[in-house]
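First the structure, in the form of structure tokens, and then the observations on it.
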Amino acid sequence: MKLTDTALFRQHAYINGQWVDADSGATLSVDNPATGASLGTVPSMGAVETRRAIDAASAAFPLWAAKTAKERANILSRWADLITQNVEDLAQLMTNEQGKPLAEARGEILSGAAYIQWFAEEGRRVYGDIIPQPRSGQRLLVVKQPVGVCGAITPWNFPSSMIARKAGAALAVGCTLVVKPSDLTPFSALALAELAERAGLPAGVLNIVFGDAPPIGDELCFNPKVKKITFTGSTAVGKLLLGKAAQTVKKVSMELGGNAPFIVFDDADIDAAVAGAILSKYRNAGQTCVCANRVFVQDGIYDAFAEKFTVAVKALKVGNGLDAGTTTGPLIDDRALAKVERMVADATDKGATVLTGGHKHALGGRFYEPTVLANVTPDMAVIRDEIFGPVAPLVRFKDEAEVIQLANDTDYGLAAYFYARDLGRVWRVAEALEYGMVAINDGAIATEVAPFGGVKQSGMGREGSKYGVDDYVQIKFLAMGGIGA
Ligand SMILES: NC(=O)C1=CN([C@@H]2O[C@H](COP(=O)(O)OP(=O)(O)OC[C@H]3O[C@@H](n4cnc5c(N)ncnc54)[C@H](O)[C@@H]3O)[C@@H](O)[C@H]2O)C=CC1
Ligand SMILES: O=C(O)[C@H](O)CS(=O)(=O)O
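Counting from 1, position 132 in the sequence shown corresponds to residue 132 in UniProt numbering; the numbering is continuous, with no gaps.
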């Protein structure tokens, strides 16, 4: 890896301000999904080391919570600045371990820094309330306090910004944190910790462990010192964690899977819709929770859209994310590639036609061809399940009522997209879609200033925006009597 600052490449866990190995000395090997080459190792830890990290976070909590919001904001702002200043090295690390094109990696790093900066500022505005008293002689107040030690479990598809989003909100309001990043992409997380330390974050406030996910997850969920679990990942694992966190009635935030509809109505600007669909579907090789999963196109423009969209998909350039011009990197691992192959085979076996792609890419390894499927029907896995790969199923629809029914016919409810110009339709459809986020005439949805999160089995809680701090504070009611007047 070509890093200007080689100290950003850390291969230890981070507990109580120390860079440490697993007690057993065991390690996990991390590879580059584009080449299969080994990049390095991280410690393979378990419950004991996780408990140690929780103890450190618990010991650090009173001092961190007692700092003024401005003192915490100053440290977080320095952290965001350092992340921004080191964007090139951090992007190199990310592309090497995750595979996404460098331009996307840079975008993710800057997005993470923006979330941290946002929460640094927002942490200073965690206001309480004074409630008019129903009886004389009383004063009724509401204050907001940090929940305490938080456990964060994060995925490989956004190895930096998913941590930044959680850490920004948690640390800004005075919580401390134990993070278990994905073992597939640990180095981005460790570089963040290195920069947090340089920014002046006290020991124990942020801790990072790696290893066997179930025992680490169990320790985070069952340990009574942990007051909150925040998770981004699959709905299946989210449900497991919800069940476990319930044993000690912890606060939870869950950012789970999606099955985003991308709807193009007859009155849409077709070129804009094609550009939006490319962005929404193929970013990160289709491995985002807000990726368009089902593309619904109205009868009148279906053929024109399908033709233009297919031309645009054929223009995507598959390759190593480090190479200039690459738009589509590899899938994260062999399991992910096998899942995409299985889903495309299921669709074609049931009658879908391939407009482009449909196979492993000639580059071999974990590369898959950007794919467009037509004649797709609701019984196919590509319609029911999260694809998490560069495959766009096209579905023809007749009218608004039909497409709203189709779009909502899923257990998921994270992001939805639609293109239309009729103002009445825009309002009707926006209100009818059962999703936490709806993008209208736009293929991108995430920003630190707006609430990110889902409904139904896509989760609960919001990240970013003024609402994002609510997930990391408790509301306390102070009822004061005996005032006299
Ligand atoms: N919402 C999103 O952004 C994501 C959705 N997914 C979906 O999940 C599918 C499978 O991807 P995976 O990497 O297997 O996701 P996953 O949900 O298994 O992994 C996410 C995180 O959870 C951890 N984890 C896994 N099992 C755990 C357990 N029993 N206890 C505690 N932590 C645990 C993993 O180590 C990782 O840090 C993808 O194809 C995609 O459909 C995956 C990653 C992110
Ligand atoms: O997959 C996710 O968690 C999000 O899509 C990442 S982003 O869209 O907010 O960048």
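C-beta atoms are modelled at their ideal positions from N, C-alpha and C, and glycine is treated no differently.
Look up residue i in the DSSP assignment and say whether it is helix, strand or coil.
{"i": "N441", "result": "coil"}
{"i": "W79", "result": "helix"}
{"i": "Q85", "result": "helix"}
{"i": "Y417", "result": "strand"}
{"i": "T447", "result": "coil"}
{"i": "residue 504", "result": "Any property of residue 504 remains undetermined from this structure, which presents the chain solely from 1 to 485."}
{"i": "residue 492", "result": "Look at the range of the chain in this structure, 1 to 485, and you will see that residue 492 is not part of it."}
{"i": "V295", "result": "strand"}
{"i": "A315", "result": "coil"}
{"i": "V340", "result": "helix"}
{"i": "L240", "result": "helix"}
{"i": "L93", "result": "helix"}
{"i": "T328", "result": "strand"}
{"i": "residue 486", "result": "Nothing can be reported for residue 486: it is not among the residues displayed for the chain, which extend from 1 to 485."}
{"i": "V274", "result": "helix"}
{"i": "D218", "result": "helix"}
{"i": "S188", "result": "helix"}
{"i": "A268", "result": "coil"}
Measuring alpha carbon to alpha carbon, tell me which of the options ends up nearest residue i.
{"i": "G174", "options": "E49, W64, G468", "result": "W64"}
{"i": "T235", "options": "K456, M1, A407", "result": "K456"}
{"i": "Y417", "options": "I445, P146, D411, K228", "result": "I445"}
{"i": "N441", "options": "L140, A277, R165, L373", "result": "A277"}
{"i": "L373", "options": "M460, T310, G365, L322", "result": "T310"}
{"i": "M162", "options": "G482, E448, Y282, G329", "result": "E448"}
{"i": "V209", "options": "K227, P451, T154, K250", "result": "T154"}
{"i": "Y472", "options": "D21, T230, A203, T185", "result": "T230"}
{"i": "V179", "options": "T371, R52, Y368", "result": "R52"}
{"i": "K339", "options": "G459, A66, F388, V295", "result": "F388"}
{"i": "G468", "options": "A415, A407, E219, F119", "result": "F119"}
{"i": "S253", "options": "K2, A191, C221, H359", "result": "C221"}
{"i": "G17", "options": "S58, P202, T95, A172", "result": "P202"}
{"i": "L322", "options": "T41, D399, L102, K144", "result": "L102"}
{"i": "T232", "options": "E255, L8, I216", "result": "E255"}
{"i": "L141", "options": "V149, P132, G148", "result": "P132"}
{"i": "A169", "options": "S136, A191, G123, N157", "result": "G123"}
{"i": "I332", "options": "A34, I15, S24, D5", "result": "A34"}
{"i": "A401", "options": "D31, M380, V429, N375", "result": "V429"}
{"i": "A59", "options": "L192, V149, G351", "result": "V149"}
{"i": "N293", "options": "A66, V382, A114, G454", "result": "V382"}
{"i": "T50", "options": "R125, Q145, I15, A260", "result": "I15"}
{"i": "V42", "options": "F9, A56, K67", "result": "F9"}
{"i": "G151", "options": "A167, Q85, F158", "result": "A167"}
{"i": "D81", "options": "A56, A114, V313", "result": "A114"}
{"i": "T248", "options": "N223, P181, D266", "result": "N223"}
For residue i, which beta-bridge partners are listed by DSSP?
{"i": "N207", "result": "V178"}
{"i": "E463", "result": "F452"}
{"i": "E255", "result": "T232, G459"}
{"i": "D31", "result": "S38"}
{"i": "R165", "result": "R165 is not bridged to any residue."}
{"i": "M45", "result": "G211"}
{"i": "W19", "result": "Y14"}
{"i": "K144", "result": "I475"}
{"i": "K360", "result": "Y368"}
{"i": "R139", "result": "M480"}
{"i": "G151", "result": "V178, I229"}
{"i": "D129", "result": "V142"}
{"i": "R396", "result": "V297"}
{"i": "P261", "result": "R294"}
{"i": "A374", "result": "T353"}
{"i": "T288", "result": "Note: T288 sits in no beta bridge, so no partner."}
Roughly how far, in whole angstroms, is the beta-carbon of residue i from the beta-carbon of residue j, given that I think they are within contact range, below 8 Å?
{"i": "residue 539", "j": "L206", "result": "Only positions 1 to 485 of the chain appear in the structure, and residue 539 is not among them; the question remains open."}
{"i": "V264", "j": "A275", "result": "That belief does not hold up - the Cβ atoms of V264 and A275 are roughly 12 Å apart, past 8 Å."}
{"i": "D212", "j": "S44", "result": "7 Å"}
{"i": "G165", "j": "E463", "result": "Rather than Gly, the amino acid found at residue 165 in this sequence is Arg. Confirmed, Cβ separation roughly 5 Å."}
{"i": "Q117", "j": "S77", "result": "6 Å"}
{"i": "F397", "j": "Q298", "result": "6 Å"}
{"i": "A105", "j": "V290", "result": "Contact doesn't hold; Cβ gap of about 18 Å is too wide."}
{"i": "A304", "j": "R421", "result": "About 16 Å separates the two Cβ atoms, so there is no contact after all."}
{"i": "L355", "j": "D183", "result": "Between D183 and L355 the Cβ distance is about 36 Å, and since that is not below 8 Å, they are no contact."}
{"i": "I483", "j": "Q138", "result": "6 Å"}
{"i": "P370", "j": "T328", "result": "6 Å"}
{"i": "G413", "j": "Y435", "result": "5 Å"}
{"i": "I54", "j": "E219", "result": "7 Å"}
{"i": "V376", "j": "V391", "result": "That belief does not hold up - the Cβ atoms of V376 and V391 are roughly 10 Å apart, past 8 Å."}
{"i": "Q98", "j": "M1", "result": "Their Cβ separation, rounded to whole angstroms, is 13 Å, which puts Q98 and M1 out of contact at 8 Å."}
- Query: ligand 2: which residues have Cβ under 5 Å from any of its heavy atoms, chain order?
  - Reply: Answer in sequence order: F158, T288, C289, V290, A446.
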